[in-house]
């Protein structure tokens, strides 16, 4: 009985157990059914979608960055070129602890505090997955040491990158400019111009000077490789490729020797000089002092150097020829003189007897001449030579402001010269309309008077002064100033010559031009304001000196240079062209706080003209730099490509 | 002579189960060769693992289940002791404390518990069979909760789930009231938010990413996204063995271990996946049949639990790789590279075979 009940129990129990098992089995089948449905969804329903994703994963377009065009001076001296350097780079997204990684790397490769600072700065401006350079210019030994330990540093790579180098360093840095890392603003500009795709893989772009102006020509066309890549972005094999087109080279009209002589002549003074071939508009020298080393900007400038440059009282970063604006002072007089002559006023034998000041009719205010006792009898030619203020006060008053501004506008005042560097300022050619608009104030007759000697609201850039001088030297025919004379295709070597453009043509009476020119020639002769410039020169120089006030001087007060702080002294101005009978070079110079134009700016002009016209080098001349690469710069001339670039 | 030796060797082997297992293991070797980048070293290592696992299975198959019943309690106690040891002196690898260095060898006590826990519970219910009360289920639950808590603390969510599963299956098969099952299911749903606060950050993240892997495509979601791309791009018939681009170009993380199904699905397609599901179903089905035919409560419960735990393995892994379950670190049974879990699994199958082949004839 007991056995039977046990058996019955067992059977019943077994029955319940089997029901439980059957429920479990049904559950298993249900769950596997869900899995099968999910797999069907992925592999059949969404197959196309995932197939595309897998292909996108697998195939990537790797940009091949084109070589940037080189920049040469007129004699083939290299001003900007490229070379390969090993750089040690970190992709932050693939590194756990960036700080710790850098510390470990510094045991293998020297990493200075400047490197760290620059890295941090670039890091803060970059995306997580972008490769950020930590150290540049690794030498062979350092590269090898890292290569051996590479397995310890996932996300850290040595890349061989094309680097921009300016062999002349600080020479003509405002003209040549520099390239720098592409920032957000550049990206927006590139997007707007539709050029963004051409910059895939590029991380530098022209930021200033010719590097910026000719960016589209220098950059070239980016090539592409279709490669199969693994998840780490390493190319496994190349499927197809379109080679890049290197950027074109620029050939300048500037002679770097002349440029160097110009810069050296400034010494430690601040200022600018632009020299132009008046017949062609070719710029022969483009000096902005002080200069800076363009190479500092290429790898991303570190904060200390940047601070030093940006906060310096000398303002080395200002491109003075285009962005320095100064009252032209007496250098403006030749143009007013010509305006008067062309208007039929002051033609010889007209003369005045200068008492040392000018007064407007019915007003006692004295517009003083720089020479308190006056110059005595002064005609037009002498007025230019001795820079007689009284003579020009009267002329300006008689002509009226509009007659003068309408005339001198043809010499380029108040408008951009159109030189091939961006950022040029317009200066200011003031008119009553302008004053009403700008200040909502009436124009006073006295303002017309001082306009005659280049004072008041009148402002001009050194570039404008040089261009005006060149136009005058070229008998009123304005040539568009330009630095680049030829664009050379990198692959074939063929050179496209840049066209010379006439921007304005004035019909000037030769006898009027002659009077002004004679007056300017006398400036460099005994009795003129810049005798030193002409002394002993085998060519004739037509010139005009000037000073521009920095601090206003009250009526009746005397200007005393020795009493003033150096930075409050007048700016020295100087314009000249030579030879006067067949002008080959026209220039304008400004020496900030230099005092008098003739004695400070004149010698600079003389050195430049002596070299340009005679090939004569100053005694203290230093040689220019032939192509010299920084140490440890040369890496094998192959680019490593990375899909994540 | 040879015939007799062979017969002696296979006396306690279940032919059907063995066939399914060997087929699956072979399939695994093929995928592993592809997933490891055609590494023969990996192949030999896995072959060694398989050999050891087969030996363990054979040994287990030859131990009569009555012996197993006797060592269930001591084994469980030893396991808990070792887990305590891990918690106190364990080595930390990859942020988890799972290994115990005994001087001669490093062991992972949580693996032992995958077998010891269902044995313990099966033993307990077999012992209390005559007068089973609700309190017995509560006591069983405590036996289950102790090791589970230790392992969750390590932390090892995957193993915890598997062990909880194995124990819950025993409790379920032992006849736990349906009403209470439903009530607890409702209660669990209500308690879910509380559980949420107890999870580790990385576990929570995995669950969040499960529902939206694209929230963190380069981080925690990367695994799931890339695995789905691999499986989906495989299509019906797959890209062919050794030809999976996702697999061969290193887009799938952990592709020889937890995510090996992505490689399998990419190269062998939906057909391959269905074949694998079929093999798994046959293995589980055979296990459930063995459980149904088992003659003692201990054997029944243990066999049922082992079969259903195997199901949990397969379901959780395939679910997580195909993106419907969170990534919890459970390998694909019999396929993923690795010796530890393989040995434990085959030990389980050995026990199943032992239960099946040590049956006494019963008159009906």
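Chains as they are written, first to last, in our numbering: chain A, 526 to 1170; chain B, 1380 to 1743. Ideal placement from N, C-alpha and C gives every residue a C-beta, glycine not left out.
Contact under 9 Å by Cβ, residue i with residue j
{"i": "residue 1133 (chain A)", "j": "residue 1008 (chain A)", "result": "no"}
{"i": "residue 671 (chain A)", "j": "residue 735 (chain A)", "result": "no"}
{"i": "residue 1446 (chain B)", "j": "residue 1736 (chain B)", "result": "no"}
{"i": "residue 1629 (chain B)", "j": "residue 685 (chain A)", "result": "no"}
{"i": "residue 813 (chain A)", "j": "residue 696 (chain A)", "result": "no"}
{"i": "residue 683 (chain A)", "j": "residue 633 (chain A)", "result": "no"}
{"i": "residue 866 (chain A)", "j": "residue 716 (chain A)", "result": "no"}
{"i": "residue 1462 (chain B)", "j": "residue 1526 (chain B)", "result": "yes"}
{"i": "residue 881 (chain A)", "j": "residue 897 (chain A)", "result": "yes"}
{"i": "residue 723 (chain A)", "j": "residue 747 (chain A)", "result": "yes"}
{"i": "residue 1639 (chain B)", "j": "residue 1407 (chain B)", "result": "yes"}
{"i": "residue 914 (chain A)", "j": "residue 938 (chain A)", "result": "no"}
{"i": "residue 643 (chain A)", "j": "residue 825 (chain A)", "result": "yes"}
{"i": "residue 1532 (chain B)", "j": "residue 1424 (chain B)", "result": "no"}
{"i": "residue 592 (chain A)", "j": "residue 769 (chain A)", "result": "yes"}
{"i": "residue 1624 (chain B)", "j": "residue 753 (chain A)", "result": "yes"}
{"i": "residue 1492 (chain B)", "j": "residue 1726 (chain B)", "result": "no"}
{"i": "residue 977 (chain A)", "j": "residue 818 (chain A)", "result": "no"}
{"i": "residue 1641 (chain B)", "j": "residue 1610 (chain B)", "result": "yes"}
{"i": "residue 909 (chain A)", "j": "residue 1041 (chain A)", "result": "yes"}
7 Å Cβ cut-off: residues of chain B touching residue i
{"i": "residue 543 (chain A)", "result": "1671"}
{"i": "residue 551 (chain A)", "result": "Residues of chain B passing the Cβ test: none, with the nearest at roughly 11 Å."}
{"i": "residue 582 (chain A)", "result": "1608, 1625, 1630"}
{"i": "residue 567 (chain A)", "result": "1607, 1610, 1611, 1701"}
Counterpart residues of residue i in DSSP-defined beta bridges
{"i": "residue 467 (chain A)", "result": "Missing from the structure shown is residue 467 (chain A); chain A here goes from 526 to 1170 and no further."}
{"i": "residue 1440 (chain B)", "result": "In the DSSP output, where bridge partners are listed per residue, residue 1440 (chain B) has none listed."}
{"i": "residue 1480 (chain B)", "result": "B:1485"}
{"i": "residue 612 (chain A)", "result": "A:684"}
{"i": "residue 607 (chain A)", "result": "A:689"}
{"i": "residue 729 (chain A)", "result": "A:706"}
{"i": "residue 1102 (chain A)", "result": "A:1067, A:1111"}
{"i": "residue 1471 (chain B)", "result": "B:1476"}
{"i": "residue 879 (chain A)", "result": "A:901"}
{"i": "residue 947 (chain A)", "result": "According to DSSP, residue 947 (chain A) bridges with nothing at all."}
{"i": "residue 801 (chain A)", "result": "A:808, A:1111"}
{"i": "residue 1073 (chain A)", "result": "A:1096"}
{"i": "residue 892 (chain A)", "result": "A:883"}
{"i": "residue 829 (chain A)", "result": "Its beta-bridge partners do not exist; DSSP assigns none."}
{"i": "residue 953 (chain A)", "result": "A:984"}
{"i": "residue 753 (chain A)", "result": "A:584, A:762"}
{"i": "residue 1450 (chain B)", "result": "Answer is none; residue 1450 (chain B) lacks a bridge partner."}
{"i": "residue 814 (chain A)", "result": "A:796"}
Listed by chain order, chain B residues near residue i by CB distance under 9 Å
{"i": "residue 560 (chain A)", "result": "1652, 1656, 1693, 1694, 1697, 1698, 1701, 1703"}
{"i": "residue 564 (chain A)", "result": "1610, 1644, 1649, 1652, 1653, 1656, 1697, 1701"}
Partners in chain B for residue i, counting only beta-carbon separations shorter than 8 Å
{"i": "residue 537 (chain A)", "result": "Within chain B, no residue comes near residue 537 (chain A); the closest Cβ sits about 11 Å away, beyond 8 Å."}
{"i": "residue 751 (chain A)", "result": "Correct list: empty, because the minimum Cβ distance to chain B is about 14 Å."}
{"i": "residue 576 (chain A)", "result": "1611, 1612, 1614"}
{"i": "residue 546 (chain A)", "result": "1552, 1667, 1670, 1671, 1683"}
{"i": "residue 761 (chain A)", "result": "1628"}
Beta-carbon neighbours of residue i, restricted to chain A and to distances below 9 Å
{"i": "residue 1690 (chain B)", "result": "549, 552, 553, 556, 557"}
Contact set between residue i and chain A, taken where Cβ atoms lie within less than 8 Å
{"i": "residue 1660 (chain B)", "result": "553, 554, 557"}
(request) List in chain order: all unbroken alpha helix (DSSP H) runs of 4+ residues lying wholly within the stretch 982-1056 of chain A. (result) 987-998, 1035-1048
(request) Could I get the ranges of all uninterrupted alpha helix (DSSP H) runs contained in the stretch 630-680 of chain A, with 4 residues as the minimum, in chain order? (result) 638-650, 665-674
(message) Using 8 Å as the cut-off, can you tell me whether the stretch 1630-1637 of chain B makes contact with the stretch 1652-1665 of chain B, which would need three or more C-beta pairs spanning the two stretches below that distance?
(response) no
(request) Pair every Cβ in the stretch 836-843 of chain A with every Cβ in the stretch 1025-1034 of chain A, then say whether three or more of these pairs are closer than 8 Å. (result) no
(request) Tell me, please, whether the stretch 842-852 of chain A touches the stretch 946-956 of chain A by the rule of three or more beta-carbon pairs shorter than 8 Å. (result) yes
(message) With three or more beta-carbon pairs closer than 8 Å as the criterion, would you say the stretch 1679-1699 of chain B touches the stretch 1381-1396 of chain B?
(response) no
(message) Restricting to runs no shorter than 4 residues, where is the alpha helix (DSSP H) found entirely within the stretch 1490-1548 of chain B?
(response) 1513-1532
(request) Determine, using beta-carbon pairs with one atom in the stretch 790-797 of chain A and one in the stretch 1110-1125 of chain A, whether at least three such pairs fall under 8 Å. (result) yes
(message) So, does the stretch 1134-1141 of chain A touch the stretch 782-791 of chain A, judging by three or more C-beta pairs under 8 Å?
(response) yes
(request) Decide if the stretch 1544-1564 of chain B is in contact with the stretch 1572-1580 of chain B; the criterion is three or more beta carbon pairs, one per stretch, under 8 Å apart. (result) no
(message) When you compare the stretch 1701-1720 of chain B with the stretch 557-570 of chain A, are there three or more beta-carbon pairs, one atom per stretch, that lie closer than 8 Å?
(response) yes
(message) Below 8 Å, how does it come out for the stretch 985-1000 of chain A and the stretch 1104-1113 of chain A: are there three or more Cβ pairs, yes or no?
(response) yes
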